[in-house]
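S.K.:
Chains as they are written, first to last, in this note's numbering: chain E, 3 to 277; chain H, 120 to 325.
1) Quick one: what's got a C-beta closer than 6 Å to residue 111 of chain E's C-beta in the same chain, skipping five residues either side?
2) Give the interface partners of residue 141 of chain E over in chain H, defined as CB-CB distance under 9 Å, in chain order.
3) Tell me, please, whether the CB atom of residue 267 of chain E is closer than 9 Å to any CB atom in chain H?
4) Which bits of chain H does residue 234 of chain E rub up against, with CB to CB less than 8 Å?
5) Of the residues E:160, E:141, E:104 and E:168, which one's Cα is nearest the Cα of residue 134 of chain E?
6) Going by DSSP in three states, residue 31 of chain E sits in which element: helix, strand or coil?
7) Residues of chain E with CB closer than 7 Å to the CB of residue 371 of chain H, please, in chain order.
8) If we define contact as Cβ-Cβ less than 9 Å, is residue 262 of chain E a contact residue for chain H?
9) Go to residue 86 of chain E, then tell me how far its beta strand (DSSP E) extends in each direction, as first and last residue.
10) Out of E:259, E:205 and E:263, point me to the one whose CA is closest to residue 142 of chain E's CA.
11) If we ignore side chains and look at the alpha-carbon of each, how far apart do residue 241 of chain H and residue 213 of chain H end up?
12) Once you ignore the five residues that flank residue 271 of chain H on each side, which residues in its own chain have a CB closer than 8 Å to its CB?
13) Taking a contact to mean a Cβ-Cβ separation below 9 Å, would you say residue 248 of chain H touches residue 78 of chain E in this structure?
14) Quick one: is residue 177 of chain H buried, meaning 16 or more other Cβ sit within 10 Å of its Cβ, or exposed?
15) Could you give the DSSP three-state label for residue 293 of chain H: helix, strand or coil?
16) Verify whether the separation of the beta carbon atoms of residue 236 of chain H and residue 230 of chain H is less than 9 Å.
17) Where does the unbroken beta strand (DSSP E) through residue 7 of chain E begin, and where does it stop?
18) Let me check one thing: in DSSP terms, what residues is residue 91 of chain E bridge-paired to?
19) Residues of chain H with CB closer than 8 Å to the CB of residue 220 of chain E, please, in chain order.
20) Would the beta-carbon of residue 239 of chain E fall within 9 Å of that of residue 164 of chain E?
21) How big is the Cα-Cα spacing for residue 63 of chain E and residue 235 of chain E?
22) On the criterion of 16 or more Cβ atoms from any shown chain inside 10 Å, does residue 145 of chain E qualify as buried, or is it exposed?
23) Only counting the same chain, and skipping five residues up and downstream in sequence, which positions put a Cβ closer than 7 Å to that of residue 242 of chain E?
24) If you draw a straight line from the C-alpha of residue 50 of chain E to the C-alpha of residue 274 of chain H, how long is it?
25) Mind checking which residues open and close the beta strand (DSSP E) that includes residue 194 of chain E?
26) Cβ closer than 8 Å: which chain H residues qualify as neighbours of residue 225 of chain E?
27) Between residue 226 of chain H and chain E, is the shortest Cβ-Cβ distance under 9 Å, so that the two count as touching?
28) Would the beta-carbon of residue 243 of chain H fall within 9 Å of that of residue 224 of chain H?
29) Which residue wins for smallest C-alpha separation from residue 268 of chain E, given the options H:203, H:157, H:156 and H:232?
30) Extract the residue ranges of the beta strand (DSSP E) inside the segment 237-269 of chain E, only unbroken runs of 3 or more that lie entirely within it.
31) Keeping to the same chain, check which residues put their C-beta closer than 8 Å to that of residue 129 of chain H; ignore five residues upstream and five downstream.
32) Are residue 81 of chain E and residue 24 of chain E closer than 9 Å when you measure CB to CB?
33) Which residue comes first and which comes last in the alpha helix (DSSP H) that contains residue 169 of chain H?
34) Name the residue from E:147, E:152, E:225 and E:151 whose alpha carbon lies nearest to the alpha carbon of residue 175 of chain E.
35) Between the C-alpha atoms of residue 193 of chain E and residue 233 of chain E, what's the straight-line distance to the nearest angstrom?
36) Mind listing which residues of the segment 197-219 of chain H have their C-beta closer than 7 Å to chain E's C-betas, in chain order?
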């Protein structure tokens with residue numbers, strides 16, 4: 003009983019019972035180890051415009067065992083996970099839908115006088131991407147990115163090796179080897195990167211303590227009703243063969259970004275007779 | 120056109136680079152929220168007028184629930200009995216997508232416009248969401264069904280009382296042995312808890 007299997011007719015997810023995290027994804031005839039987790043950048047100088055982590059502090063992965071509950075329905079299967087007191091997630095697969103949904107809930111992010119925090123989700127796979135990944139250009143073409151390199155100049159990434167590799171992700175970020183491709187589709191513009199082969203990272207939520215001096219004149223510390231924000235959103239994962247994946251991602255992207263508009267009415271005798 | 124022109128004006132304001140990237144001051148952000156909300160409410164009024172013409176529901180309220188993304192809907196929170204859900208598909212082709220409607224934990228039957236029963240189930244909202252002190256809504260479940268929409272389609276939600284009826288709504292899980300099916304019937308709720316969740320202490324200050 004070291005693992006829990008959650009599956010529809012199209013997707014099989016394996017949860018590691020020891021860590022409580024996702025371990026393997028099988029879909030579209032492709033199987034891949036995928037360890038998904040959340041991690042925290044502790045920052046001081048970051049502001050609304052710049053992401054600048056403390057140079058002597060590593061990215062902190064959430065190491066505690068994740069408590070989870072599986073709801074096994076016939077239309078939808080859900081894994082409810084609690085990572086810490088302010089990070090939780092639902093992994094969801096629907097019958098007949100070829101993508102895995104990760105609905106994250108983060109906040110209020112704790113901060114103190116010296117430390118702001120920026121929260122990322124990281125998907126670690128065994129795909130040999132050799133430093134190459136792809137991010138979209140405002141939801142249109144995909145642009146090839148190579149870790150630590152730029153197309154037109156030699157970047158100095160010595161002091162900020164991570165934020166120097168961050169790119170805007172408006173609709174998707176992907177990487178691949180000769181056989182498999184893994185893509186993450188998001189529901190809002192975020193920053194993202196691939197710092198290791200096979201790894202995709204998206205920044206989901208940030209709560210900062212300083213203004214970075216580039217114009218806004220305030221720390222990025224959003225409040226509603228005098229309370230720091232709790233943010234909720236979705237990231238979708240598609241694992242596929244290299245040949246098939248792009249067209250599947252295109253269709254999924256349209257459904258995610260242009261969902262049905264939903265309107266509610268009370269059913270009257272008139273509407274029932276219309277039926 | 121008055122409402123639509125107002126929405127257009129506001130969308131013009133929202134093209135400012137600070138609105139796009141979120142680098143506006145907090146007070147400006149709040150004002151953008153106010154403007155956008157006003158614009159959407161006006162646009163919803165246009166949508167309502169249009170849907171009364173385009174559907175068979177001339178008296179329909181066609182209410183929008185702007186907080187469906189946080190599992191809130193004032194229209195269904197007290198009762199989702201005899202509710203019509205009208206869906207507009209903005210894509211240029213027929214699309215099948217799952218719809219989630221915040222409801223109380225009760226049994227429902229969903230039918231399409233031809234009166235055919237559509238498979239549906241009620242799932243619990245993650246308890247972390249329920250714990251949010253910002254939420255004014257106490258709806259703890261969502262009704263999930265798959266809708267297939269060319270341009271516009273309506274689905275009818277009706278509360279059903281008995282467990283027998285509830286079972287009719289459920290599609291039979293495929294590839295399940297008789298033994299497994301019997302085992303499932305013994306479980307009072309539709310969902311089986313597979314792995315228990317430890318209670319996490321929360322602090323008021325958080």
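Backbone N, C-alpha and C fix where the C-beta goes; we use that ideal spot for every residue, glycine too. Quick caveat: nothing in here was measured; it's all calculated off a predicted structure.
M.R.: Let me spell this out:
1) The residue labelled residue 111 of chain E in the question sits at position 109 within the first chain. 119 and 209, listed in sequence order.
2) The count along the first chain starts at 1 and reaches residue 141 of chain E at position 139. The premise fails here: residue 141 of chain E is roughly 13 Å from chain H at the closest Cβ pair, so nothing lies under 9 Å.
3) Position 265 of the first chain, counted from the start, is the residue given in the question as residue 267 of chain E. Yes, residue 267 of chain E counts as interfacial toward chain H.
4) In the first chain, the residue the question calls residue 234 of chain E occupies position 232. Listed along the chain, the chain H residues whose CB falls inside 8 Å of the CB of residue 234 of chain E are 188, 189 and 248.
5) Position 132 of the first chain, counting from 1, holds the residue named residue 134 of chain E. For the residues E:160, E:141, E:104 and E:168, the minimum Cα distance to residue 134 of chain E belongs to E:168.
6) In the first chain, counting from the first residue as 1, residue 31 of chain E sits at position 29. In this structure, residue 31 of chain E counts as coil in the three-state DSSP scheme.
7) Nothing about residue 371 of chain H can be reported from this structure: the residues present for chain H run from 120 to 325 only.
8) In the first chain, the residue the question calls residue 262 of chain E occupies position 260. Answer yes: the Cβ-Cβ gap between residue 262 of chain E and chain H drops below 9 Å somewhere.
9) The residue you call residue 86 of chain E lines up with position 84 of the first chain. Start and end: 78-86.
10) As a working note, residue 142 of chain E is residue 140 in the first chain. It is E:259.
11) What you label residue 241 of chain H is simply residue 122 of the second chain in a count that begins at 1. What you label residue 213 of chain H is simply residue 94 of the second chain in a count that begins at 1. Spanning the two alpha carbons is a distance of roughly 25 Å.
12) Within the second chain, the letter at position 152 stands for residue 271 of chain H. 170, 173, 174, 205, 206, 207 and 208.
13) Translated into the one-based positions of the second chain, residue 248 of chain H becomes position 129. Translated into the one-based positions of the first chain, residue 78 of chain E becomes position 76. No, these two residues do not count as a Cβ contact at 9 Å.
14) In the second chain, residue 177 of chain H corresponds to position 58, counting from 1. Classification for residue 177 of chain H: exposed.
15) Against the second chain, residue 293 of chain H aligns to sequence position 174. Interpretation of residue 293 of chain H is limited by its pLDDT of 33, a score under 50 that renders its predicted location unreliable; no figure is taken from the coordinates.
16) Here the question's residue 236 of chain H lines up with position 117 in the second chain. Here the question's residue 230 of chain H lines up with position 111 in the second chain. Result yes, Cβ atoms of residue 236 of chain H and residue 230 of chain H sit closer than 9 Å.
17) Locating residue 7 of chain E in the first chain gives position 5, where the first residue counts as 1. DSSP places residue 7 of chain E in the uninterrupted beta strand (DSSP E) bounded by 5-9.
18) Numbered from its first residue, the first chain carries residue 91 of chain E at position 89. For residue 91 of chain E, which the question treats as bridged, DSSP gives the partners E:83 and E:106.
19) Sequence index remark: in the first chain, residue 220 of chain E carries index 218 (1-based). Ordered by position in chain H, the residues that pass the 8 Å Cβ test against residue 220 of chain E are 144 and 145.
20) Locating residue 239 of chain E in the first chain gives position 237, counting from the first residue. Locating residue 164 of chain E in the first chain gives position 162, counting from the first residue. Contact flag unset, no.
21) Taking the first residue of the first chain as position 1, residue 63 of chain E is located at position 61. Taking the first residue of the first chain as position 1, residue 235 of chain E is located at position 233. Taking the straight line from one Cα to the other gives about 20 Å.
22) The residue given as residue 145 of chain E occupies position 143 in the first chain. So residue 145 of chain E counts as exposed.
23) Your numbering for residue 242 of chain E matches position 240 in the first chain. Cβ within range, chain order: 30, 32, 183 and 250.
24) Taking the first residue of the first chain as 1, we reach residue 50 of chain E at position 48. Taking the first residue of the second chain as 1, we reach residue 274 of chain H at position 155. Roughly 43 Å separates the two Cα atoms.
25) As a position in the first chain, residue 194 of chain E is number 192, starting the count at 1. Counting along the chain, the beta strand (DSSP E) containing residue 194 of chain E begins and ends at 192-195.
26) Within the first chain, the letter at position 223 stands for residue 225 of chain E. Those are 145, listed as they occur along chain H.
27) Walking along the second chain from the start, residue 226 of chain H turns up at place 107. Output row for residue 226 of chain H: interface = no.
28) Sequence index remark: in the second chain, residue 243 of chain H carries index 124 (1-based). Sequence index remark: in the second chain, residue 224 of chain H carries index 105 (1-based). Yes.
29) Numbered from 1 along the first chain, position 266 holds the residue referred to as residue 268 of chain E. The residue with the shortest Cα to Cα distance from residue 268 of chain E is H:203.
30) 263-268
31) As a working mapping, residue 129 of chain H is identified with position 10 in the second chain. Result list for residue 129 of chain H: 154, 155, 157 and 158, in chain order.
32) The residue given as residue 81 of chain E occupies position 79 in the first chain. The residue given as residue 24 of chain E occupies position 22 in the first chain. Yes; because the gap between Cβ atoms is below 9 Å, this pair is in contact.
33) Reading the second chain from its first residue, position 50 is the one you call residue 169 of chain H. Per DSSP, residue 169 of chain H belongs to the alpha helix (DSSP H) from 145-173.
34) Taking the first residue of the first chain as 1, we reach residue 175 of chain E at position 173. Residue 175 of chain E has its Cα closest to that of E:147, out of E:147, E:152, E:225 and E:151.
35) Taking the first chain and counting its residues from 1, one reaches residue 193 of chain E at position 191. Taking the first chain and counting its residues from 1, one reaches residue 233 of chain E at position 231. So the alpha carbons of these two residues sit roughly 16 Å apart.
36) 201, 202, 203, 204, 205, 206, 207, 208, 209, 210, 214, 216, 217 and 218
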